[in-house]
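Same order as they appear, the protein sequences are chains S and E. Numbering follows my numbering, in which position 187 of the first sequence is assigned residue number 676; successive positions increment by one, without gaps. Numbering follows my numbering, in which position 117 of the second sequence is assigned residue number 351; successive positions increment by one, without gaps.
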Amino acid sequence: MLLELKNLEVAYGDYQVVWGVSLNVDEGEVVTLLGPNGSGKSTVLNTISGLVPVMRGDILVSGASIIGRPTHHRAGLGIAHVLERRRVFPHLTVQQNLLLGAWHREARSKRDATIAKVASMFPILRDRANQLANSLSGGEQQMLALARGLMAMPRLLMVDEPFLGLAPQIVEQMKDIFENIRKTGIAILFIEQNVRLALSMADRGYVLESGRLAVAGESKSLVNDKTVRKVFLGE
Amino acid sequence: MCVKLLPQPDICMSSDVIIQAIVSGLLMGLIYALVAVGLSLIFGLMEIVNFAHGEFLMLSMFFSFWLWVLVGLDPLLSIPLVAAALAICGFATHYGIVRHILKAPMLAQICATFGLAIAIRSLAQFLWTPDFRTIQDPLVAGRIEIGGIFIGQPQLVAGLVCLTAFIGLWLFVSRTETGLALQATAQDREAAAVMGIPTDRMFALGWAIGLACVAVAGSMLSAFYFVFPDVGINFALLAFVAVALGGFGSIMGSLAAGISIGLVESLGGVLISPSYKSLIVFGLYFAVVLIRPTGLFGRY
Ligand SMILES: Nc1ncnc2c1ncn2[C@@H]1O[C@H](COP(=O)(O)OP(=O)(O)OP(=O)(O)O)[C@@H](O)[C@H]1O
Ligand SMILES: [Mg+2]
Numbered sequence: 490m491l492l493e494l495k496n497l498e499v500a501y502g503d504y505q506v507v508w509g510v511s512l513n514v515d516e517g518e519v520v521t522l523l524g525p526n527g528s529g530k531s532t533v534l535n536t537i538s539g540l541v542p543v544m545r546g547d548i549l550v551s552g553a554s555i556i557g558r559p560t561h562h563r564a565g566l567g568i569a570h571v572l573e574r575r576r577v578f579p580h581l582t583v584q585q586n587l588l589l590g591a592w593h594r595e596a597r598s599k600r601d602a603t604i605a606k607v608a609s610m611f612p613i614l615r616d617r618a619n620q621l622a623n624s625l626s627g628g629e630q631q632m633l634a635l636a637r638g639l640m641a642m643p644r645l646l647m648v649d650e651p652f653l654g655l656a657p658q659i660v661e662q663m664k665d666i667f668e669n670i671r672k673t674g675i676a677i678l679f680i681e682q683n684v685r686l687a688l689s690m691a692d693r694g695y696v697l698e699s700g701r702l703a704v705a706g707e708s709k710s711l712v713n714d715k716t717v718r719k720v721f722l723g724e
Numbered sequence: 235m236c237v238k239l240l241p242q243p244d245i246c247m248s249s250d251v252i253i254q255a256i257v258s259g260l261l262m263g264l265i266y267a268l269v270a271v272g273l274s275l276i277f278g279l280m281e282i283v284n285f286a287h288g289e290f291l292m293l294s295m296f297f298s299f300w301l302w303v304l305v306g307l308d309p310l311l312s313i314p315l316v317a318a319a320l321a322i323c324g325f326a327t328h329y330g331i332v333r334h335i336l337k338a339p340m341l342a343q344i345c346a347t348f349g350l351a352i353a354i355r356s357l358a359q360f361l362w363t364p365d366f367r368t369i370q371d372p373l374v375a376g377r378i379e380i381g382g383i384f385i386g387q388p389q390l391v392a393g394l395v396c397l398t399a400f401i402g403l404w405l406f407v408s409r410t411e412t413g414l415a416l417q418a419t420a421q422d423r424e425a426a427a428v429m430g431i432p433t434d435r436m437f438a439l440g441w442a443i444g445l446a447c448v449a450v451a452g453s454m455l456s457a458f459y460f461v462f463p464d465v466g467i468n469f470a471l472l473a474f475v476a477v478a479l480g481g482f483g484s485i486m487g488s489l490a491a492g493i494s495i496g497l498v499e500s501l502g503g504v505l506i507s508p509s510y511k512s513l514i515v516f517g518l519y520f521a522v523v524l525i526r527p528t529g530l531f532g533r534y
């Protein structure tokens, strides 16, 4: 198993926000993490990348626990994290943002080849290579954030709300890009609030409610699941 | 040509005096700029204000002084040693103090570096007494005359060395991969960390580079300025002004602001009165802060 969370519990100070979440992602799988605002989705991803410490439970990558490893070691383990709200380096150019994406040793040694691949996936970024990242549109910045994540040559790409604030035709474009990433064999764990959209893309889904897993399963079975409806529509 | 003095309009001043003031202001401004850029770099990187900045300048001047007294090494030649010593101080400050207060409330952060300032200054007074000291007969001394303008040679060398250090710093930050990582860390430390950039090490590096800049400025100052435990206070104050003028975290902004301060100070000194020169500098500061609170330049 590529990634396994075992009874993960996370707190900010005394305020616990994640309760006993277990989740796994296999090689090459596309998995979505769903849940209403404030249900703890970002917290789970931030814990996997080490930005937030684990209170209890375990995180395993390829069967080995990564608890206690500093954040900057986790990229080298094959985990890339595209943070919520894009978080590109605003005062650096598109090209510089991309180069920095390949920081860890293995990615750096293959950087030129990766950048060529990524540029063919995101032609818009090639045109804007020397522009400052903060001069890009929101959609372009989201592309850059995703491309920068790919520069690390991850085995698991975690993306926090990639569709937030995108125009419908950009959403379609983004879906195609995800499909292309999946074809290269990279596993994807992504957060999304639009249930229908997320389940149309993912193999499996997990639904969080107030920091606990409400339901999990194959996308097909979740589409018509009663609990999912209850969580999202309050039915 | 004749220039009228503001408080005494009946006195006439030759244009030589003005050019003289511009040249010396420019040279002093380069030193201010290098002190300021260290402060700016550290602030831009981790939003910590180094209130001990002036004390590190003082330390580097004393290091330079003692290397001259004890080993006979001229300030110009001891720059690498003093810079290395201050870089080590930078690492020590980061690992010993700063990394433990990064998430602390602002007041705690202020107290930490302010306390460090007082500790260093007291230690200097204890070890070296509050006496004023000077380096006699440095390698470069005296002054040269170019078309009626006199330029102190130590000041000229100091200005050129500081400018060189500045260019080196700028090339490092904008052209090397480590420099880019430093900028990335300054702009978004979490995003940098998830990409594998060791942000804590970048912070330490920022401190080391910031204090090494101070060391170069301090070494150069020690050749023509008094060395005493309180010497850093005024320079630090000007550095704060320069950082506010230049924009927090902006390298070129620090350069422009440092030079502006040097010019305003020395021109104000001859055109108005030497006793008003600080007032003029702070007046300029207030004007800029009111009109452009983010400083004259953006980040980096
Ligand atoms: N740095 C923090 N300090 C304290 N509490 C936090 C912090 N970050 C998040 N929280 C709290 O943790 C809970 C879960 O937040 P989280 O951001 O993980 O939710 P989310 O599911 O990603 O929400 P959204 O859909 O709005 O992005 C919320 O109640 C939030 O207020
Ligand atoms: Mg979130």
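The beta carbon of each residue, even a glycine, is placed where N, CA and C say it ideally should be. Please read these numbers as outputs of a predicted model, since none were measured by experiment.
> Looking at C-beta atoms only, is the number of pairs between the region 418–431 of chain E and the region 308–323 of chain E that lie closer than 8 Å three or more?
Replying inline: For the pair of segments examined, the region 418–431 of chain E was found not to touch the region 308–323 of chain E: the number of CB pairs separated by less than 8 Å stays below three.
> Got a sec: does ligand 2 put a non-hydrogen atom nearer than 7 Å to the Cβ of S/E681?
Replying inline: Answer for S/E681: no, Cβ out of range of ligand 2.
> Quick one, which of S/V510, S/G517, S/D515 and S/R617 has its alpha-carbon nearest S/L534's?
Replying inline: Taking only the C-alpha atoms, the option nearest S/L534 is S/V510.
> How would the residue list near ligand 1 read, in chain order, if you kept each one whose beta-carbon is closer than 5 Å to any heavy atom?
Replying inline: Cβ-based neighbours of ligand 1 within the cut-off: S/Y501, S/V506, S/N526, S/G527, S/S528, S/G529, S/K530, S/S531 and S/T532.
> Within 8 Å (strictly less), CB to CB, does S/P643 reach chain E?
Replying inline: Not an interface residue.
>> Are there any heavy atoms of ligand 2 lying less than 7 Å away from the beta-carbon of E/E424, as far as the coordinates show?
In response: Not so, every heavy atom of ligand 2 lies at least 7 Å from the Cβ.
> Looking only at DSSP bridge pairs, what is S/D547 linked to?
Replying inline: Residue pairing for S/D547: DSSP places it in a beta bridge opposite S/K495.
> Going by beta carbon distance, what residues of the same chain come within less than 7 Å of E/L275, once the five residues before and after it are set aside?
Replying inline: The answer, listed in chain order, is G440, I443 and G444.
>> Could you check whether S/L697 and S/V522 sit closer than 8 Å to each other, using their CB atoms as the reference points?
In response: It is worth fixing the name first, because residue 522 of chain S is Leu in this sequence and not Val. In this structure, S/L697 lies closer than 8 Å to S/L522 by Cβ.
> Rounded to whole angstroms, how far is the Cβ of E/F482 from the Cβ of E/G529, which I believe are closer than 8 Å?
Replying inline: Rounded, the Cβ-Cβ distance is 7 Å, consistent with contact.
> Since S/Q585 meets chain E, which of its residues come closer than 7 Å, beta carbon to beta carbon?
Replying inline: At a beta-carbon threshold of 7 Å, the residues of chain E lying near S/Q585 are L414, ordered along the chain.
> Between the region 536–567 of chain S and chain E, which residues of the former have CB atoms less than 9 Å from a CB of the latter, in chain order?
Replying inline: Cβ contacts with chain E come from S538, G539, L540, P559, T560, H561, H562, R563, A564 and G565.
> Looking at S/D692 and ligand 2, is the gap between the Cβ and the nearest heavy atom below 7 Å?
Replying inline: False, no ligand heavy atom lies under 7 Å from that Cβ.
> What are the start and end residues of the beta strand (DSSP E) that includes E/R535?
Replying inline: This structure does not reach residue 535 of chain E, given that chain E is present from 235 up to 534, and the question cannot be answered.
> Under 8 Å Cβ-Cβ, which residues of chain E neighbour S/W592?
Replying inline: Correct list: A415, M429, G430 and I431.
>> Would you say E/A338 lies against chain S (beta-carbon separation less than 8 Å)?
In response: Closer than 8 Å: no.
>> Extract the residue ranges of the beta strand (DSSP E) inside the region 251–331 of chain E, only unbroken runs of 3 or more that lie entirely within it.
In response: For the region 251–331 of chain E, there is no continuous beta strand (DSSP E) assignment of 3+ residues that stays within its boundaries.
> For S/A500, which beta-bridge partners are listed by DSSP?
Replying inline: Its beta-bridge partners are S/Q505.
> Any chance the CB of S/D649 is under 7 Å from a heavy atom of ligand 2?
Replying inline: Yes, the Cβ of S/D649 comes within 7 Å of a heavy atom of ligand 2.
>> Let's see if you can read the secondary structure: which residues bound the alpha helix (DSSP H) around S/D665?
In response: S/D665 -> alpha helix (DSSP H) spans P657 to K672.
> In this structure, does DSSP put S/N683 in helix, strand or coil?
Replying inline: In the structure shown, S/N683 adopts coil according to DSSP, grouped into three states.
> Mind checking if E/A438 is an interface residue toward chain S, Cβ cutoff 8 Å exclusive?
Replying inline: Residue-level contact check: E/A438 does not touch chain S, since none of the beta carbons of chain S fall below 8 Å from its beta carbon.
>> Taking 8 Å as the threshold (beta carbon to beta carbon), is E/E281 in contact with chain S?
In response: No, E/E281 lies away from the interface with chain S (no Cβ there is under 8 Å from its Cβ).
>> I want to see whether chain S comes within less than 8 Å of E/A418, judged by CB atoms only; does it?
In response: Nearest CB-CB separation between E/A418 and chain S: below the 8 Å threshold.
> Exposed or buried, which one is S/Q658 when buried takes at least 16 other CB atoms within 10 Å?
Replying inline: It is exposed - the Cβ of S/Q658 has fewer than 16 other Cβ atoms within 10 Å.
> What's the call for S/L536, buried or exposed, on a 16-neighbour Cβ count within 10 Å?
Replying inline: In the sequence on display, residue 536 of chain S carries Thr and not Leu. Buried, by the Cβ-count rule.
>> So with CB distances below 8 Å, who are the chain E contacts of S/R576?
In response: By Cβ distance, chain E contributes D422, E424 and A425.
> Using a C-beta to C-beta distance shorter than 7 Å, which residues of chain E count as neighbours of S/P651?
Replying inline: In chain order: nothing, as chain E lies at least about 15 Å away.
> At a Cβ threshold of 8 Å, is S/P579 touching chain E?
Replying inline: By this cut-off, S/P579 is an interface position.
> What residues from chain E crowd round S/L492, counting only those whose CB sits closer than 8 Å?
Replying inline: In chain order: nothing, as chain E lies at least about 15 Å away.
>> Buried or exposed, going by whether 16 or more other CB atoms sit within 10 Å of the CB of S/L722?
In response: Answer is exposed; the Cβ neighbour count stays below 16.
> Given 8 Å as the limit, is there contact between the region 540–550 of chain S and the region 708–715 of chain S, that is, 3 or more CB pairs closer than that?
Replying inline: No: the two stretches stay apart, fewer than three of their Cβ pairs being nearer than 8 Å.
>> Looking at ligand 2, does it come within less than 7 Å of S/E573, judged from the CB to the closest heavy atom?
In response: Answer for S/E573: yes, Cβ within range of ligand 2.
> How would you write the range of the beta strand (DSSP E) that E/F462 sits in, first residue to last?
Replying inline: E/F462 -> no beta strand (DSSP E), and no H or E assigned at all.
> Do the region 510–519 of chain E and the region 465–483 of chain E meet, that is, are 3 or more Cβ pairs less than 8 Å apart?
Replying inline: At 8 Å Cβ cutoff, the stretches touch.
>> Suppose contacts are defined by Cβ-Cβ distances below 8 Å. Is S/V507 in contact with S/V514 by that definition?
In response: Not a contact, by the Cβ cut-off of 8 Å.
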